[in-house]
């Protein structure tokens with residue numbers, strides 16, 4: 003420690019925390035120290051171990067090794083409820099409120115004031131008003147049903163709940179991901195107010211601008227290690243990024259010479275049932291085209307409409323020489339494949355085997371005649387398991403037993419197996435480790451380049467990502483989607499992160 | 165490196181034997197239960213005629229459970245099994261009884277032509293096909309409602325009723341034309357104006373559970389139907405010679421069906437797609453599986469199996485259509501499938517397991533009866549087995565992850 007510090011002010015201390023899931027080491031000895039009256043940012047890419055660390059802090063997971071102290075007392079929560087009782091509260095991305103109950107029932111859930119066996123509604127109401135007043139939102143009525151509130155207000159209810167039961171450590175996990183700019187301002191005011199009241203706040207985010215604004219100190223996690231810490235005011239953003247990524251950007255994003263070939267996908271004035279409003283783009287073989295934009299701008303909806311998963315209201319999609327109605331079945335046969343952004347709920351059939359998942363688009367030629375034999379499925383999927391270096395015991399292992407990165411590779415292997423010409427990738431690297439990311443970037447480059455010797459033509463890749471360095475690193479051109487409207491695709495050479503962000507948020511027009 | 169490889173091989177082999185154990189779990193349970201009764205009861209339980217009896221008693225439930233396994237693997241459920249069986253026995257009895265009559269001058273009726281009498285071998289085949297087809301049609305309409313074509317099913321139903329209502333008013337030909345027109349108009353209107361509402365199989369088959377029981381009663385005016393004896397009546401009887409002397413033909417049919425469906429589930433695209441839909445419907449759709457068509461097909465096949473079970477029940481009742489038979493079979497069937505290791509959330513299950521599950525229940529029944537235990541004891545034991553089997557299954561799952 004460079005500066006002497008009053009040890010009494012240290013509210014939370016985690017030392018040497020280790021956690022492994024099977025063969026995957028999620029945390030390899032992480033230290034974290036948060037003082038009372040401090041906002042401490044926890045930064046890292048998806049899969050760096052932030053969520054695991056916070057789940058250990060909240061009591062949802064038990065650490066394999068390592069110790070924790072809360073206000074100098076040893077702290078070993080057995081469950082999230084235990085953690086809350088001890089004074090550690092999580093404010094999650096996905097809100098954990100009972101939507102059909104009222105604000106007061108939510109805030110005092112489990113600690114309802116009672117007279118004898120009966121709930122004391124009068125005290126319910128007054129305690130709730132008090133808690134809401136404490137966070138400066140006395141205007142929310144305690145009786146109102148939670149589902150009638152806006153997302154930002156629901157978040158406030160959650161915060162009030164934590165404050166009401168006297169939590170001393172508040173963990174905000176990506177709290178701004180579904181908020182508007184104005185709501186973010188109000189949330190930051192509230193965080194400052196909580197800080198002034200002496201709460202210790204852990205703030206998880208990968209939006210570095212937010213960290214610069216709100217945090218007093220930060221710790222960077224990468225691949226389960228704490229790789230650096232400091233004060234945002236004293237460190238440049240680019241240095242933080244280097245800590246997060248841990249290697250040269252050039253090295254992470256390979257890009258070979260890829261001359262653009264024939265037209266593979268042409269979208270003309272496409273409109274979906276709700277989103278997108280209008281989208282036009284052309285994608286050639288040998289090209290990687292990125293779509294940037296905010297969550298909710300309609301990027302996923304565009305891709306789903308193109309793939310035939312969502313209805314099309316207007317416009318035309320032309321794949322190679324095909325036009326006309328779209329369904330996933332038809333798209334696969336036209337040589338288009340898609341990786342879903344939601345690996346768990348859509349991307350993979352988790353209790354089926356690796357081979358089942360890879361061969362699902364087409365089960366022809368898996369045995370004699372029209373039969374599908376497990377051995378045939380193994381044979382068909384094996385080359386792709388090797389090529390993508392998917393770590394599994396055998397093709398017959400259930401997908402749910404694999405790590406996130408390997409699961410994502412299975413979802414990608416499906417497209418290689420089906421030998422598609424056009425790859426639609428929706429957030430292909432969300433929530434996976436840096437090593438797997440590097441593998442996937444390399445694969446995208448190889449696919450787009452093609453290989454004449456082994457007679458593999460160049461493929462066309464359409465990719466959605468919310469992580470701009472990735473888009474800038476991988477793509478040839480990038481189009482920005484804003485409020486359902488897809489902008490013109492421009493070469494990456496003409497673009498930078500700031501420009502894309504401005505276009506995505508619409509700040510350009512405002513200034 | 166070499167050691168690493170060897171270690172990987174050991175891990176793989178361990179995983180393999182664990183998978184085998186998982187697949188054989190219900191069978192081991194069956195052997196355990198059987199062994200227990202064999203020890204306690206002794207000779208009268210072990211002898212072959214008793215085994216034959218257990219098999220015979222379990223055939224109807226087993227046949228229906230084979231179909232229900234498909235539905236449960238796909239993530240659905242069928243609560244209408246018992247009612248479908250009752251409806252099926254009535255339908256088969258009605259077909260067997262088909263005859264033309266003539267009104268006599270004194271107001272009485274005289275049979276001028278009886279199908280069964282004219283074609284004693286051929287006509288029961290028509291009844292057999294009718295039973296299975298009836299099941300398939302019920303399955304098709306359940307499937308159609310599950311995938312959201314409530315309006316279309318309603319259109320067809322109303323078309324059918326139109327034919328019935330107008331049959332005696334206008335000529336039969338006119339009635340059919342009117343029915344077709346009504347169905348077609350309603351079909352087009354519902355497609356145009358009604359949004360597709362996907363209903364859960366639980367709700368659809370709960371409705372069918374009530375409606376089909378009512379329909380079964382309606383077919384016979386609340387009375388059972390007794391057609392004349394035919395070879396269909398002997399389906400559940402052991403004969404004096406040939407393969408039928410080992411076990412009744414119905415049991416053989418059930419075993420054959422089990423093998424066919426088991427192979428289909430494992431080695432045919434349709435079967436693999438059922439697993440895919442049950443495991444994750446969205447993934448299946450993303451991968452280009454035609455989810456709607458697969459569901460229609462699987463409900464049709466599954467409830468056609470129930471139709472076959474109805475045929476066996478008809479024969480088991482020594483040739484009568486009974487509108488109140490097979491009450492509560494739906495829960496027996498679900499219990500058997502679940503004991504057999506299937507997951508009610510879909511994506512898991514096997515025919516071998518289901519058959520073992522059915523046999524476990526009937527071995528318990530038979531054993532308890534031989535021990536002179538009352539019915540209520542059997543029911544408690546069966547209930548305990550259901551909960552214990554699923555509990556063990558969950559435990560095993562947790563350890564695997």
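Protein chains in written order, with this note's numbering: chain A, 3 to 513; chain B, 165 to 565.
In this text, a Cβ means the ideal position worked out from N, Cα and C, and glycines have one as well.
query, result
"Can you give me the C-alpha to C-alpha distance between residue 516/A and residue 40/A, rounded to a whole angstrom?", "For chain A, the structure presents residues 3 to 513; residue 516/A sits outside this window and is missing."
"With a threshold of 16 other CB atoms inside 10 Å of the CB of residue 543/B, please say whether the residue is buried or exposed.", "exposed"
"Using 8 Å as the threshold, is the region 251-265 of chain B in touch with the region 296-314 of chain B, meaning 3 or more CB pairs across them?", "yes"
"Cα separation between residue 402/B and residue 217/B?", "10 Å"
"Measure from the C-beta of residue 351/A to each C-beta in chain B and report whether the shortest distance is under 8 Å.", "yes"
"According to DSSP, simplified to helix, strand and coil, what is residue 399/A?", "coil"
"Taking only beta carbons into account, state which residues of the region 359-374 of chain A come closer than 9 Å to chain B, listed in chain order.", "359, 361, 362, 363, 364, 365, 366, 368, 369, 372, 373, 374"
"Assess contact between the region 154-164 of chain A and the region 184-202 of chain A, defined as three or more Cβ pairs (one per stretch) separated by less than 8 Å. Is contact present?", "yes"
"According to DSSP, simplified to helix, strand and coil, what is residue 5/A?", "Model confidence at residue 5/A stands at a pLDDT of 41, short of 50, so the residue's coordinates are unreliable; what they give is reported in the following sentence. Here residue 5/A sits in coil by DSSP."
"Have a look at the DSSP bridge pairing and note the partners of residue 427/A.", "341/A, 465/A"
"Can you tell me whether DSSP reads residue 550/B as helix, strand or coil?", "helix"
"I need the boundaries of the alpha helix (DSSP H) containing residue 309/A, first residue and last residue.", "301-309"
"For residue 331/A, go through chain B and note every residue whose CB falls closer than 8 Å to its CB, in chain order.", "452, 453, 454"
"Among all the DSSP beta bridges, which residues are the ones paired with residue 121/A?", "116/A"
"Could you check whether the Cβ of residue 432/B sits closer than 8 Å to any Cβ belonging to chain A?", "yes"
"Pull up the distance between the alpha-carbon of residue 284/A and that of residue 262/A, whole angstroms please.", "11 Å"
"Put residue 383/A into one of helix, strand or coil per three-state DSSP.", "helix"
"Does the separation of the CB atoms of residue 17/A and residue 69/A fall below 8 Å?", "yes"
"Run down chain B in chain order and give the residues with a C-beta less than 8 Å from the C-beta of residue 347/A.", "444, 446"
"At which residues does the alpha helix (DSSP H) containing residue 435/B begin and terminate?", "433-443"
"In three-state terms, what does DSSP make of residue 203/A?", "strand"
"Among 414/A, 432/A, 433/A, whose alpha-carbon lies nearest the alpha-carbon of residue 424/A?", "414/A"
"Using a Cβ cut-off of 8 Å (strictly closer), state whether residue 340/A contacts chain B.", "yes"
"Would you please verify whether the beta carbon of residue 458/A is less than 8 Å from any beta carbon of chain B?", "no"
"Using a cut-off of 9 Å between C-beta atoms, extract the partners of residue 393/A located in chain B.", "Under the 9 Å cutoff, chain B gives no residues; its nearest Cβ is about 11 Å from residue 393/A."
"In this structure, how does DSSP classify residue 91/A when only helix, strand and coil are distinguished?", "strand"
"Compare the C-beta of residue 565/B against all C-beta atoms of chain A and say whether one is closer than 8 Å.", "Low confidence applies here, because residue 565/B scores a pLDDT of 41, under 50, leaving its location unreliable; read the following figure in that light. So yes, residue 565/B belongs to the interface."
"Using a threshold of 8 Å, state whether the C-beta atoms of residue 431/B and residue 373/A are closer than that.", "yes"
"Go through its chain and collect everything with a Cβ distance to residue 295/A's Cβ below 7 Å, but skip five positions before and after it.", "301, 482, 483, 484, 506"
"Give the range of the alpha helix (DSSP H) segment to which residue 275/B is assigned.", "Note, residue 275/B: premise wrong, no alpha helix (DSSP H); beta strand (DSSP E) at 273-278."
"At least one CB of chain B closer than 8 Å to the CB of residue 69/A: is that the case?", "no"
"Against chain A, does residue 342/B count as a neighbour if the rule is that its beta carbon must be under 8 Å from one of theirs?", "no"
"For the 8 Å Cβ check, are there 3 or more pairs between the region 431-445 of chain B and the region 201-221 of chain B?", "no"
"Distance check for residue 410/B and residue 205/B, CA to CA, integer angstroms please.", "24 Å"
"Going by beta carbon distance, what residues of the same chain come within less than 6 Å of residue 262/B, once the five residues before and after it are set aside?", "279"
"Rounding to the nearest angstrom, what Cα-Cα distance links residue 409/A and residue 398/A in this structure?", "14 Å"
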